[in-house]
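See structure below.
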Amino acid sequence: MSPEERKVVFASSLGTMFEWYDFFVYGALAAIFSKQFFAGVNDTAAFIFALLVFAAGFAVRPFGALVFGRLGDLVGRKYTFLVTILIMGFSTVFVGLLPTYETAGILAPVGLVALRMLQGLAIGGEYGGAATYVAEHAPPGKRGAYTSWIQMTATAGLFLSLLVILGCRAVIAPEAFDAWGWRVPFLMSALLLAISVWIRLKLDESPIFKRMQKEGKGSKSPLRDSFAKWSNLKIVLLALFGLSMGEAVVWYTGQFYALIFLTQVLKVEPQTANILVAGGLVIGTPFFVIFGWLSDHIGRKPIIMAGCLLAALTYFPIFKAITHYANPALELAQMSAPVTVVADPKGCSFQFNPVGTAAFTSSCDVAKSALVKRGVPYDNEAAPAGAPTQIHVGGVVIPSFDAKGENAKAEAAAFDEALTRALAQARYPAKADPHRINEAMVILLIGILVIFGALTYGPIAAMLVELFPARIRYSSLSLPYHIGNGWFGGFMPPVAFAVIAATGNMYDGLWYPVIIAAVTFVIGMLFLPETKDRSIHHEG
Numbered sequence: 001m002s003p004e005e006r007k008v009v010f011a012s013s014l015g016t017m018f019e020w021y022d023f024f025v026y027g028a029l030a031a032i033f034s035k036q037f038f039a040g041v042n043d044t045a046a047f048i049f050a051l052l053v054f055a056a057g058f059a060v061r062p063f064g065a066l067v068f069g070r071l072g073d074l075v076g077r078k079y080t081f082l083v084t085i086l087i088m089g090f091s092t093v094f095v096g097l098l099p100t101y102e103t104a105g106i107l108a109p110v111g112l113v114a115l116r117m118l119q120g121l122a123i124g125g126e127y128g129g130a131a132t133y134v135a136e137h138a139p140p141g142k143r144g145a146y147t148s149w150i151q152m153t154a155t156a157g158l159f160l161s162l163l164v165i166l167g168c169r170a171v172i173a174p175e176a177f178d179a180w181g182w183r184v185p186f187l188m189s190a191l192l193l194a195i196s197v198w199i200r201l202k203l204d205e206s207p208i209f210k211r212m213q214k215e216g217k218g219s220k221s222p223l224r225d226s227f228a229k230w231s232n233l234k235i236v237l238l239a240l241f242g243l244s245m246g247e248a249v250v251w252y253t254g255q256f257y258a259l260i261f262l263t264q265v266l267k268v269e270p271q272t273a274n275i276l277v278a279g280g281l282v283i284g285t286p287f288f289v290i291f292g293w294l295s296d297h298i299g300r301k302p303i304i305m306a307g308c309l310l311a312a313l314t315y316f317p318i319f320k321a322i323t324h325y326a327n328p329a330l331e332l333a334q335m336s337a338p339v340t341v342v343a344d345p346k347g348c349s350f351q352f353n354p355v356g357t358a359a360f361t362s363s364c365d366v367a368k369s370a371l372v373k374r375g376v377p378y379d380n381e382a383a384p385a386g387a388p389t390q391i392h393v394g395g396v397v398i399p400s401f402d403a404k405g406e407n408a409k410a411e412a413a414a415f416d417e418a419l420t421r422a423l424a425q426a427r428y429p430a431k432a433d434p435h436r437i438n439e440a441m442v443i444l445l446i447g448i449l450v451i452f453g454a455l456t457y458g459p460i461a462a463m464l465v466e467l468f469p470a471r472i473r474y475s476s477l478s479l480p481y482h483i484g485n486g487w488f489g490g491f492m493p494p495v496a497f498a499v500i501a502a503t504g505n506m507y508d509g510l511w512y513p514v515i516i517a518a519v520t521f522v523i524g525m526l527f528l529p530e531t532k533d534r535s536i537h538h539e540g
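Just so you know, we're using my numbering here: the sequence shown kicks off at 1 and counts up by one.
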């Protein structure tokens, strides 16, 4: 790289990494946010709702792509992603200043959702600008290598957020961290914002955009040209379903859902889980650049499709192996004394009511809620209509109760005591034993998941840039990317956790990424063109 090219790649990557840090630090603290901002509902609903607020930032990303994509095609790449980083930085700082539910009531989660949506709008404009800006500075034959540094920033931002949280937890007592220490990682964003803005102000505009401006060949209506003309819209749809949709679920499953699986399903202590995921990120992160560089030589398509296929084929055995090495006692208890909820299906609810307007009081709901709260997987068995619900722990049968019954309080105490005793006798652990965690194997398995993400994510920026003409590139590539990552990828954690809570099977949530990755593989293999040798200087 020339000195100017190094400055472009460094400044764009560093700023984008800080934006991803801002975006992911919330997700890494979702369990705390469920207590601080959603205290009015049961534990399962609170955590799902906290994940949905995380997903709210993803939900609005396509709208950010439209707003800032249009701006980037009209006024320039540089100034647009300078605006996005200002919005992201200020939104993150204000999250650290928000009052909690205890002090502000319903205004607290409302304010949190509003700030998360601002963050989503900002990241929706950031990625397309950074990818386009770097690609348009890259020499032919090196776009994959250059833009892979942008691709690495999402993982680097997650890694940075975990490091900051680990550092804060190390110096702040657990009770204090849960009470106020969680604010520190958000407030630190003010420093990152200042650094990012200072660096980006030193950048020049993309040479391709400057040439289009000089020659008067830019688009006057980039959104209409991108999405109202079938010749370009069909490429947008192909980029979504044959590329970014599968890439998104593979990336989020391998990195973010792995953290949730460790903490919420396997009951690994958050500090330990953060260290394990950070170790996996150290293994996998260099592969984003490696696969970006490799895509310049063998093509983008085979690398991305390989990542989707490997994920679809191996997720179930890999996550079962993570259970084996992270919480072997849970795996052994499942095998020796499986838990089954025997209930009339008509008496069982889908226990997700984030606004707290419904109470789950049937004997089936009581039984399932108790098991989910303890992190105990279970199977479901249909009972005759009207039959009382029972929990079978191995050979032990614990009758459930109706929480609206006359003697509900006494029955609840007896039920809780009997269930706790039965699970203890069956050796179901209350949490993962830190002395029995095989850290090396868990880190290696998470590293493999990150490498799958690198296969799909490393070359994708170059491929998206090459799919679309220069005058509408920012708009055209941003929308399918952010629908794929914002909607399909961002909703992966809450959907997967809700499925687990409903079915009792700790692996059922994986069907979501497996099916989507498989669909993307089929569509991509059949219809996606190879782009590595295309010129990106054409205006279209």
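We put the CB at the ideal spot given by N, CA and C, even for glycine. Predicted model, so just to flag it, every value in this text is computed and none were measured.
- With contact defined as three or more Cβ pairs closer than 8 Å, the stretch 18-29 and the stretch 157-175 are in contact.
- The Cβ neighbour count for residue 449, taken over all protein chains shown within 10 Å, is at least 16; the residue is labelled buried.
- Here residue 165 is not near residue 258, since their CB atoms are 9 Å or more apart.
- The stretch 112-124 and the stretch 211-220 do not touch, with fewer than 3 CB-CB distances between them shorter than 8 Å.
- DSSP places residue 391 in the strand class (E or B) of the three-state scheme.
- The three-state reading of DSSP puts residue 4 in helix, counting H, G and I together.
- The criterion of a C-beta distance shorter than 9 Å is satisfied by residue 536 and residue 136.
- In the structure shown, residue 16 adopts helical secondary structure according to DSSP, grouped into three states.
- CA-CA distance, residue 420 to residue 330, rounds to 15 Å.
- Runs of the alpha helix (DSSP H) lying entirely within the stretch 91-179 and spanning at least 4 residues, in chain order: 101-104, 107-137 and 143-171.
- For residue 190, the enclosing alpha helix (DSSP H) begins and ends at 189-200.
- Of the residues assessed, residue 149 falls on the buried side of the cut-off, its CB having 16 or more other CB atoms within 10 angstroms.
- Under the three-state reduction of DSSP, residue 397 is assigned to strand.
- Shown here, residue 432 sits in coil according to DSSP, grouped into three states, outside any helix or strand.
- For residue 400, the number of other beta carbons within 10 angstroms of its own is at least 16, and it is reported as buried.
- Taking 9 Å as the cut-off, the beta carbon of residue 50 is found no closer than this to the beta carbon of residue 65.
- Note on geometry: alpha-carbon atoms of residue 125 and residue 364 lie some 46 Å from one another.
- Between residue 288 and residue 152, the C-beta gap is smaller than 9 Å, which places the two residues in contact.
- Residue 89 is positioned such that its CB atom lies no closer than 9 Å to that of residue 98.
- A straight-line Cα-Cα distance of about 39 Å links residue 442 and residue 362.
- Under the three-state reduction of DSSP output, residue 382 falls in the strand class.
- Taking a 10 Å sphere around the C-beta of residue 480, we find 16 or more other C-beta atoms and assign the residue as buried.
- The alpha-carbon of residue 283 is positioned some 8 Å away from that of residue 444.
- As the crow flies, the alpha-carbon of residue 489 is around 8 Å from that of residue 251.
- Beta-bridge analysis with DSSP links residue 340 to 379 and 392.
- With contact defined as three or more Cβ pairs closer than 8 Å, the stretch 268-286 and the stretch 504-522 are not in contact.
- With distances taken between CA atoms, residue 261 lies nearest to 498 out of 498, 5, 156 and 14.
- Taking C-beta atoms under 8 Å as the contact rule, residue 80 and residue 68 qualify, at a distance of about 5 Å.
- The DSSP-derived three-state label of residue 406 is coil.
- One Cα belongs to residue 71, the other to residue 528, and the distance between them is close to 28 Å.
- A check of alpha carbon separations from residue 220 across 475, 532 and 508 identifies 475 as the nearest.
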